[in-house]
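Residue numbers (the working numbering): 487 to 990.
Every residue, glycine too, gets a C-beta built ideally from N, C-alpha and C.
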């Protein structure tokens with residue numbers, strides 16, 4: 487199947503399956519909030535972030551090996567694929583074991599991560615169930631990776647999301663009947679094991695050569711290449727965890743566990759949107775990787791500008807909707823007592839937008855294996871993020887912690903990531919990129935101002951105001967995008983792709 491058809495199939499099926507998981511997860515969270523206390527929300531976010539720190543054990547090995555898989559898959563070298571998959575499987579089994587051991591040793595010290603540990607029965611057992619679910623998932627990751635690398639992520643999406651929807655429905659029923667959170671987590675653990683076994687069997691069925699016992703060892707040069715990328719990715723892995731996973735830890739330690747619960751509701755919504763975007767990114771990653779193997783630089787640059795504009799339009803449109811609708815939605819959903827300040831919401835939306843604007847650069851960066859050249863960037867990024875978040879938290883609380891993330895993104899990632907891909911992949915001036923970045927952003931901010939001007943005039947009951955705001959966004963955003971971007975050459979090419987039902 488062609489690269490284009492694979493991308494379209496991956497995205498279409500993944501979006502449909504992911505929609506089901508998000509709807510079921512939203513229902514589950516609603517039942518969770520009304521059944522259990524806000525402290526349970528807090529420890530859920532806290533434990534998730536503690537375990538994310540344990541993912542540092544992975545060291546970026548997965549990304550390094552996946553990058554190496556693109557070439558043998560493109561030329562059909564099954565022997566080389568077997569060699570890489572065997573290495574991936576062995577390493578990830580070890581990683582899972584190490585995470586389980588280290589995570590278990592942290593159990594007596596959970597109180598270190600919060601201002602005051604909430605009085606929840608069996609809190610250590612709850613943490614251990616989170617740990618088991620997280621650590622065991624690493625045992626089966628190689629199966630998902632090999633299927634995705636062959637541009638068939640729609641298969642992994644159907645399996646993962648089908649299992650998730652099923653277990654979520656059962657969890658909702660159990661939570662309503664028993665209010666036993668530990669039993670709910672046991673069901674999650676069983677689902678992870680079942681899904682992993684099923685994914686492994688599917689991968690072995692699709693690629694029977696993976697079951698062959700005779701596997702050639704990798705050449706010294708290939709091992710050195712992986713080692714080089716892993717050494718570089720260690721910095722990226724550390725930075726990723728510090729930048730994206732410390733917010734809940736800092737909030738719980740410096741502000742309080744209840745604040746973590748409030749913040750997690752907003753992050754759940756942005757995570758849903760990020761999940762859909764991740765589908766698109768995952769679905770086109772292999773295509774962009776293959777593009778780097780068999781296309782000229784000029785064609786890669788042209789495609790990059792289209793991808794960049796695509797993420798700018800997607801990120802800008804979603805960010806506008808979030809800023810306009812966020813607060814009203816939270817009140818309608820779970821009540822005014824769960825609101826954060828408008829400033830905090832604004833920073834959450836800004837960070838969401840900045841993250842999406844990085845996607846195109848990171849896609850080219852990862853698929854071209856530029857980890858070594860950017861090895862110092864994540865070190866600086868994480869230091870800036872951690873220092874600024876801690877300092878600003880003393881004066882501005884949760885807002886200060888969120889601003890710390892904004893500062894690290896703007897002062898480091900904003901210019902370093904495009905500089906590296908332009909220097910080592912496109913080999914042209916990066917000025918054009920920054921011009922496009924600012925122009926796209928100014929247009930989206932202008933569109934936001936127009937929509938805010940209109941929606942601020944609505945003065946009816948909250949539910950009707952929310953509906954009117956939603957209708958306004960639905961109508962004005964596509965019209966505004968068309969009017970503001972219709973003369974853009976990248977937009978014209980992007981529009982032709984969608985009209986022809988093509989992807990990157």
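Residue i versus residue j: straight-line alpha-carbon distance, rounded
i           : j           : result
residue 615 : residue 965 : 48 Å
residue 562 : residue 800 : 35 Å
residue 977 : residue 793 : 10 Å
residue 565 : residue 705 : 12 Å
residue 812 : residue 762 : 18 Å
residue 852 : residue 677 : 31 Å
residue 739 : residue 652 : 35 Å
residue 985 : residue 608 : 56 Å
residue 698 : residue 624 : 22 Å
residue 925 : residue 843 : 13 Å
residue 596 : residue 828 : 31 Å
residue 558 : residue 636 : 11 Å
residue 892 : residue 833 : 8 Å
residue 859 : residue 765 : 27 Å
residue 604 : residue 499 : 41 Å
residue 974 : residue 767 : 23 Å
residue 864 : residue 598 : 26 Å
residue 880 : residue 745 : 15 Å
Extent of the continuous alpha helix (DSSP H) run through residue i
i           : result
residue 544 : Where residue 544 is concerned, there is no enclosing alpha helix (DSSP H), given that its DSSP letter is neither H nor E.
residue 805 : 783 to 820
residue 832 : 828 to 843
residue 586 : 564 to 591
residue 594 : Element bounds for residue 594: n/a, residue is neither H nor E.
residue 449 : No information on residue 449 is available, as it lies outside the stretch 487 to 990 that the chain covers here.
residue 867 : 863 to 882
residue 899 : Element bounds for residue 899: n/a, residue is neither H nor E.
residue 976 : 975 to 985
residue 646 : 639 to 664
Contact belief for residue i with residue j at Cβ below 8 Å, rounded distance in angstroms
i           : j           : result
residue 743 : residue 528 : 4 Å
residue 948 : residue 817 : 6 Å
residue 737 : residue 749 : 6 Å
residue 701 : residue 575 : The Cβ separation is near 10 Å, so there is no contact.
residue 526 : residue 667 : 6 Å
residue 688 : residue 673 : Not really, about 22 Å apart at Cβ, beyond 8 Å.
residue 783 : residue 912 : 6 Å
residue 633 : residue 692 : 7 Å
residue 814 : residue 952 : 4 Å
Residue-chain proximity (residue i, chain B), Cβ-Cβ < 8 Å
i           : result
residue 701 : The chain labelled as chain B is not found in the depicted structure, where only one protein chain is given.
Between the segment 712 to 727 and the segment 546 to 553, do at least 3 Cβ pairs fall closer than 8 Å?
yes
Within the chosen definition, does the segment 501 to 511 reach the segment 718 to 732 through at least 3 CB pairs nearer than 8 Å?
no
Looking at C-beta atoms only, is the number of pairs between the segment 804 to 817 and the segment 836 to 855 that lie closer than 8 Å three or more?
yes
Pairing CB atoms from the segment 878 to 892 with CB atoms from the segment 570 to 585, are three or more of them under 8 Å?
no
Are the segment 530 to 537 and the segment 612 to 627 touching, with three or more C-beta to C-beta distances below 8 Å?
yes
Using 8 Å as the threshold, is the segment 588 to 595 in touch with the segment 635 to 654, meaning 3 or more CB pairs across them?
no
Pairing CB atoms from the segment 931 to 938 with CB atoms from the segment 913 to 922, are three or more of them under 8 Å?
no
Touching by the beta-carbon criterion (3+ pairs, under 8 Å), the segment 949 to 960 and the segment 854 to 868:
no
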